[in-house]
Every structure is written in C-alpha cells, then in structure tokens.
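Right, one structure below, let's go through it.
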Amino acid sequence: MIAKHWITASASVAFLLLAGCSTVIVERSSAIATTGSAYAATLQKVNQFALDESINSAADALASTPVAGTLNGLNEVTKNLKERQRLVQAYAEFLNTLAEYFANLEAFAKYDAAGENSRAIDGVVDKLNSVQKTLGNTEISPEKKTAISGIVGLISKQAHASVLKARLEKDALPIATALALSSAALEQQISWVEKPVQLQRDMDWARNVVQPYINPAREQPLTAAWKASFTTLMKQAPKVQLLVDAKAAGEKMEAGWRDVLRGDYSLAEVRKSLADIQAALDVLAAVKAATK
Numbered sequence: 013m014i015a016k017h018w019i020t021a022s023a024s025v026a027f028l029l030l031a032g033c034s035t036v037i038v039e040r041s042s043a044i045a046t047t048g049s050a051y052a053a054t055l056q057k058v059n060q061f062a063l064d065e066s067i068n069s070a071a072d073a074l075a076s077t078p079v080a081g082t083l084n085g086l087n088e089v090t091k092n093l094k095e096r097q098r099l100v101q102a103y104a105e106f107l108n109t110l111a112e113y114f115a116n117l118e119a120f121a122k123y124d125a126a127g128e129n130s131r132a133i134d135g136v137v138d139k140l141n142s143v144q145k146t147l148g149n150t151e152i153s154p155e156k157k158t159a160i161s162g163i164v165g166l167i168s169k170q171a172h173a174s175v176l177k178a179r180l181e182k183d184a185l186p187i188a189t190a191l192a193l194s195s196a197a198l199e200q201q202i203s204w205v206e207k208p209v210q211l212q213r214d215m216d217w218a219r220n221v222v223q224p225y226i227n228p229a230r231e232q233p234l235t236a237a238w239k240a241s242f243t244t245l246m247k248q249a250p251k252v253q254l255l256v257d258a259k260a261a262g263e264k265m266e267a268g269w270r271d272v273l274r275g276d277y278s279l280a281e282v283r284k285s286l287a288d289i290q291a292a293l294d295v296l297a298a299v300k301a302a303t304k
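With positions in the sequence shown counted from 1, the corresponding number in the numbering used here is that position plus 12.
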C-alpha cells in the first residue's frame, strides 16, 4: 500500500514538473514572439520615417535652388530616391519575415515541436536568407561577423527544453545574422537623414546664432529666440536621434537574442527601447501635424 501511494505521489510530482516545464516554455516563447513582433513593427515605422525624411529633404533642396537646374541633376536625385525606396521595401519584407519567425517559434513551443510548425520555421528561415540578398550594399562589419560565428556555443544546455534547444541550435546563427543586418540597415538610413539635416542646422547656426551674436550694431542682450536657437542647435536633431536610438534598440535586440540562447528570456530592456522609439515617433508626428 505504501509503495502504491509512493508511486502515485511520484507520478503526480512528475506530472506537475512536466506541466511546469511546459508552462515555462510557453511563457518564454511568448516573450520572444511578443518582443520580436514589437521590434519588427516599430522598425517598420522607423524604416518608413527614414524614407519620408529622405524624400522631404531632397524636395526641399531641389525647391530652394535659386537658379534653373539641369535635367541630369533632377534625374540623379530621383534615381537615388528610387533606389532608397527599393531598399526600404526590401527591408520592410525582411522585418516582416523576422516577425514571422518569432511568431512561428512561439507556435513551435506551444503546439507542435516536431511537426508542421518546425517545417514552417525552416521555410521562414530559408525566406529570411533569400530576402537578405535584396538589401543591396547593407553589410555586417567583420568584427560583428566574427562575434556571430560562435553564437551557437552560447546556447545553454540546461535552460531550454530539449526540442527547443535543438530548434535554437538550428536557428541561432541565421537569426543573429538577420538581426545584425537589420542594425546595419539602420546605420545606412541614419546617413540618409543626417547629412541634409546637418546642412540645414549649419545654415541655421550661422544665421540665427552666429550673426546676431557677433553683430557690431547690437546694443541689447540677445533675445529669448536667440537662446532657444542656440539650445536647440547644440542638441542632437530629433529626427537623427530617433534613428540613432532605433539602431541602439536593434543592437539591444541582437544582445537580447544572445540572452535568449543563454536562457534569459526577459528582453525587458529591448521592450523599453522600442516603447521609447514609439513615443519619439508620436512626438515628431505631432510636431509635423502642428506645423502644417
């Protein structure tokens, strides 16, 4: 009788342990999927923002030309913008595929660790590898390539259920590479926006800060408007800062993926960065609407 009770109790404990493990796996995979989807959705908005700002800057530059331009000059500008449009569309598809991967990883852990969902992930990873080829000259630095090459070795042998561990071993390198490429794409977009913004700020600095300050005819203290111009232009331009912050969030997502492989699924820092970027996008959109 005692042996029977012991066996029953042991079976119950084993069942609870297995159920607990299953719950943990689902919670962890949900955390990855939620963060991965938020990452893709937020960077989609940043991606479109970079293109819109690039087009607006080009339009401003063309419109402010004091003399007649050449057709070749106009064609060159539009050619560059069309290539940027192509890259933005490719990057959008790339981000959608990343989001699809994370969603499939959640389904894999929840429902079907060995069957259809596993094959679906294989298909998404293949698609991700294919889409990467459309990102033009976007490249990962040699240093980062070296760091990524050993990423499979980070996978914890204790922190993951066996099927999930096997899946992560298969996906660790292609997803790390994809996230690194995403950060590289953001670096490229910073250059699109930063140069024209800085050119305008240089002109504003000369006109609104330097000239009033050195004006030999000035006999009064400088105005609040001068102080506001000085303060604003000494700080990073909000449009550029948004892209810099997005790139930093991308790098945090890269680090977050490494943490996941090690068994840390919190990703809290990544989620906070994404929320901050969304808030910055909202502010810039409000400013734009107010100045129309």
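Where a beta carbon is used, it is the ideal one built from N, C-alpha and C, also for glycine. Keep in mind the model is a prediction, meaning the values are calculated, not measured.
What's the gap between the Cα of residue i and the Cα of residue j?
| i | j | result |
| --- | --- | --- |
| residue 117 | residue 199 | 28 Å |
| residue 271 | residue 265 | 9 Å |
| residue 106 | residue 214 | 35 Å |
| residue 177 | residue 98 | 37 Å |
| residue 90 | residue 103 | 20 Å |
| residue 246 | residue 217 | 9 Å |
| residue 163 | residue 180 | 11 Å |
| residue 93 | residue 295 | 26 Å |
| residue 24 | residue 135 | Since pLDDT at residue 24 reaches only 40, below the 50 mark, its modelled position is unreliable, and the value read off the structure follows with that caveat. Cα to Cα, the separation comes out at about 39 Å. |
| residue 76 | residue 150 | 31 Å |
| residue 82 | residue 74 | 11 Å |
| residue 158 | residue 256 | 24 Å |
| residue 236 | residue 279 | 44 Å |
| residue 224 | residue 253 | 28 Å |
| residue 185 | residue 269 | 10 Å |
| residue 232 | residue 226 | 12 Å |
Consult DSSP for residue i and reduce its assignment to one of helix, strand or coil.
| i | result |
| --- | --- |
| residue 135 | helix |
| residue 231 | coil |
| residue 19 | Confidence is the limiting factor: at residue 19 the pLDDT is only 43, short of 50, which leaves the residue's position unreliable and the question unanswerable from this model. |
| residue 158 | helix |
| residue 150 | coil |
| residue 46 | helix |
| residue 254 | helix |
| residue 167 | coil |
| residue 275 | coil |
| residue 201 | helix |
Return the Cβ separation of residue i and residue j in integer angstroms, given the expectation that the two are a contact with Cβ distance under 8 Å.
| i | j | result |
| --- | --- | --- |
| residue 144 | residue 115 | With 8 Å as the limit, residue 144 and residue 115 do not qualify as a contact, their Cβ atoms being about 19 Å apart. |
| residue 192 | residue 156 | 5 Å |
| residue 55 | residue 194 | 7 Å |
| residue 100 | residue 63 | 5 Å |
| residue 242 | residue 221 | 5 Å |
| residue 120 | residue 129 | 4 Å |
| residue 275 | residue 168 | 4 Å |
| residue 205 | residue 66 | 6 Å |
Which residue wins for smallest C-alpha separation from residue i, given the options the options?
| i | options | result |
| --- | --- | --- |
| residue 260 | 58, 49, 45 | 58 |
| residue 203 | 69, 54, 53 | 69 |
| residue 111 | 67, 223, 45, 65 | 45 |
| residue 263 | 139, 197, 291, 60 | 197 |
| residue 137 | 113, 284, 153 | 113 |
Just checking residue i against the ligand SAH - is the residue's beta carbon closer than 7 Å to any of the ligand's heavy atoms?
| i | result |
| --- | --- |
| residue 61 | Ligands displayed in this structure: none; no statement on the ligand SAH is therefore possible. |
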